[in-house]
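Asker: In our numbering, the protein residues as written are 1 to 636. Ideal Cβ placement from N, Cα and C applies to all residues, glycine included. What follows is a structure written as C-alpha cells; I'll ask about it next.
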C-alpha cells in the first residue's frame, strides 16, 4: 500500500518553503520531494553499495544473505564491491571541487598574462603573502608577475611528479608525519583522482582497506589542494571577505525589480553578472522595461561566494532552488556548475524565467547557453542580463508570491577576519578555549537531502552545540538555515550557553560564523592547523569536530573524509552507501581512528549527535589538561 505523501510541514522547517510547496502543487510543479516519494522504496542493493556496473560482464548485485549469497561475475565480494564504489564516489567529489579550483587558477593566470581583461587582483597583499608562502621571491615583481609566478607553482599541484602539494606545508608537522607513515600524503590533485579510477578498474586493487586508504589520500588532495586553491585564489581575485551585514531567504526577491538568481559554485561567472547588472546602461534598460532596477541574489555556493564578498543577498540553499522559481518572480537563473538540479529547466519553463548556462562542462537541454570564457566574460554577462530584462514584461503578477520578509545575517568570517576580530592573533580564541568559555569548535557544512526534513537537522544540531558553549563555523547550504534560525546575528548569542554568549559579546560576533562556500571548508582545515601549531599539538588533539547533517553529494563525502584524515572527528546525518560491507563500515566508524586519530559517526537525531560530539570534545579537553566547563573566569 502506497504511503501518503508527506505534508509541507513534514518536508521543510520553514514557512517560506512550506508556502512555496503549496504553490508548486497548485501550479502543477513537481519538486524534489515529490520525486523522492516516487522513487521510494529505493533499491536496497544500491543503498548498501552492493551493485557494480564497472564492466559489461555485469551489472552485478552482491547478495550477502541467505542461501543465494553471490559474488560478482569477476569474483568480487561485498567488501571489495563497496570499497570500489566508495573510492569512485570520493574521487568524483574530489575532482569536482578541484576542478573548481582549477578554474580559479586559470583566471589568476589570465590576469597575470593579460588574457582575462574583466578580472583583476583585488587583494594584492594576500597574493604577495601566498607567493612568499610558496617560496616565490616577490622582490621586484609587480602584481601581474606575482600572479604568473604563483599560478605556475599551483599548476604543478595538479600534475603527477610532485612529492606533496604546496599547501600541505600548512598542516602541523605531527599530522604530516602521520600522512607520511600511512602513505596518505597527496602528491598531485589529478594524480590521486586518476589513480583511484585505475585502482578500482576490474583486476587492479582488490584489497578493500587499500582502496579506502587511497580514498583518504584522494580526499586530502581536495581539502589541502584543489579546494584550498579555490578558496585562496577567490580571495585574491575577488577580495578576502570581511564581516558585513546582508540578507537571506526568499524575501530577498523583489516585486518591482528584475530578479536574477546566480546558482552553482564558481564566482568566475557570478562576479561578472553582478558587474553587468550594475552598469548604467543595464539599469536604464530595466527601467525602460518597467522595472525599478535589477536585483541579483544567490543560491547555494555561488550565492555563498557573493554573500561573503559582495553582500549579495542569499535566496536559498539546495532544496530551495526549485521553490525560488515557484515564486513566479524570477526573470532569470544563471548557472555555472555543481548542485544544479536538471528539474530547474522545466520548472523555469512553467513561468517566464530564462534558464541560462555558462560552462561547457555543464550543459542542460532546453537551456539558453552563453559560453563564458576568461576573454569574453563581461560581454556574455551583459548578454545574460539583457535576456533577464527582456523577460520582465512577461512576468504575470497574478502568479507572483514572495512568501517571507528577508532576515538579517552577518557574513564574511574568513580566517583573516576571525584573526582580526581576535586582535590579529589566535590567542584570544585559544584563551577562551583554555578557560572553557568556548569548549570547542565544530564546522557544520552544507547540503540538504530530502530524506531529512529540510534544514531541521542543521538547525537542531547548531542550537544544541551552542548551548554547550561550542562555537560553530558554517559553510555552504547550511548558511541560509542558520540565518533563518537567527544564528548568524549577534543576537543569536542569546541561544548559546553562558560561556559562548560572553565570548560572542566580547568580540561582537554571532555564535555561528559564516566562513564561506563548500570549497571554503579548507578555511576550517587551515584554522585548525593554525590553532594546533599555536598549541604545539596535532589537529587530532584539538577539541574540534565536523558535521555534514543533511549531506547528499560526492563532494560532501570527500569533505568528510579529508576532515577525518586531517584528524577531525566527523558526524554524518546519513550513512554513505557502504553498509553492505562490514569491513568498510567498521573502518569508517572505528578503524580510521587507529590510522588518523579520527573517524566518522552517524546519527540522524540532533540532540544525540550533539551529545556525541560534546563527549568527543570533552575527551579532547581533558586529554589537554583543560577544565571541561566554564567557571566564570575573567576574560580580557
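#1: For residue 98, which residues in the same chain have their Cβ closer than 6 Å to its Cβ, ignoring the five residues on either side in sequence?
#2: Would residue 403 and residue 19 qualify as a contact pair, given that the criterion is a beta-carbon distance under 8 Å?
#3: I need the straight-line Cα distance from residue 593 to residue 9, nearest angstrom please.
#4: By the DSSP assignment, the beta strand (DSSP E) with residue 245 in it spans what residues?
#5: From residue 26 to residue 7, what does the alpha carbon distance come to, in whole angstroms?
#6: May I ask you to report which of helix, strand or coil DSSP gives residue 425?
#7: Mapping the DSSP letters down to three states, classify residue 355 as helix, strand or coil.
#8: Out of 433, 245, 333, point me to the one whose CA is closest to residue 309's CA.
#9: Counting along the chain, where does the beta strand (DSSP E) carrying residue 490 start and finish?
#10: In whole angstroms, what separates the C-alpha of residue 437 from that of residue 496?
#11: Note down, one range per segment and in chain order, each alpha helix (DSSP H) of at least 4 residues found wholly within the segment 61 to 113.
#12: What distance in whole Å lies between the Cβ atoms of residue 459 and residue 481, which are believed to be in contact at a cut-off of 8 Å?
#13: Grab me the residues of residue 319's own chain with a C-beta within less than 6 Å of its C-beta, minus the 5 sequence neighbours each way, in chain order.
#14: Terminal residues of the continuous alpha helix (DSSP H) containing residue 585?
#15: Mind checking residue 4: buried by the 16 CB within 10 Å criterion, or exposed?
#16: Taking 8 Å as the CB-CB limit, is residue 471 close to chain D?
#17: Do you know offhand how far residue 417's Cα is from residue 240's?
#18: Could you give the first and the last residue of the continuous alpha helix (DSSP H) run that contains residue 503?
#19: Is residue 265 helix, strand or coil by DSSP?
#20: Would residue 219 be called buried (16 or more neighbouring beta carbons within 10 Å of its own) or exposed?
#21: Which ranges does the beta strand (DSSP E) cover as unbroken runs of at least 3 residues, wholly within the segment 317 to 377, from first to last along the chain?
#22: Could you tell me which residues DSSP puts in a beta bridge with residue 547?
#23: Report the residue ranges of all beta strand (DSSP E) runs contained in full by the segment 196 to 262; include only those spanning at least 3 residues, in chain order.
#24: Going by beta carbon distance, what residues of the same chain come within less than 7 Å of residue 509, once the five residues before and after it are set aside?
#25: In chain order, what residues of the same chain lie with their CB nearer than 6 Å to the CB of residue 474, ignoring the 5 residues before and after it?
#26: Do you know how far the Cα of residue 430 is from the Cα of residue 373?
#27: Under the assumption that residue 127 contacts residue 236 (Cβ atoms under 8 Å), give the Cβ distance between them as a whole number of angstroms.
#28: Would you check if the distance between the CB atom of residue 584 and the CB atom of residue 79 is smaller than 8 Å?
#29: Tell me whether the beta-carbon of residue 228 lies closer than 8 Å to the beta-carbon of residue 155.
#30: Going straight from the alpha carbon of residue 406 to that of residue 250, what length do you get?
#31: Apply the 10 Å Cβ neighbour rule to residue 408 and answer buried if 16 or more other Cβ atoms are within range, or exposed otherwise.
#32: Does the Cβ-Cβ distance between residue 381 and residue 272 come in under 8 Å?
#33: Considering only the beta carbon of each residue, do residue 187 and residue 215 sit closer than 8 Å?
#34: Taking just the CA atoms, how far does residue 232 sit from residue 130?
#35: List the DSSP bridge partners of residue 613.
#36: Return the residue from the list 299, 414, 363, 105 that minimises the CA-CA distance to residue 525.
Answerer: According to the structure shown:
#1: 189, 222, 226
#2: yes
#3: 39 Å
#4: 244 to 248
#5: 14 Å
#6: coil
#7: strand
#8: 245
#9: Unbroken run through residue 490: none, as it is neither H nor E.
#10: 11 Å
#11: 78 to 113
#12: 5 Å
#13: 448, 454
#14: 582 to 586
#15: exposed
#16: The structure shown contains no chain D; it is built from a single protein chain.
#17: 8 Å
#18: 498 to 507
#19: coil
#20: buried
#21: 332 to 335, 354 to 357
#22: 444, 571
#23: 244 to 248
#24: 421, 490
#25: 444, 482, 512, 514
#26: 44 Å
#27: 5 Å
#28: yes
#29: no
#30: 7 Å
#31: exposed
#32: yes
#33: no
#34: 8 Å
#35: According to DSSP, residue 613 bridges with nothing at all.
#36: 414
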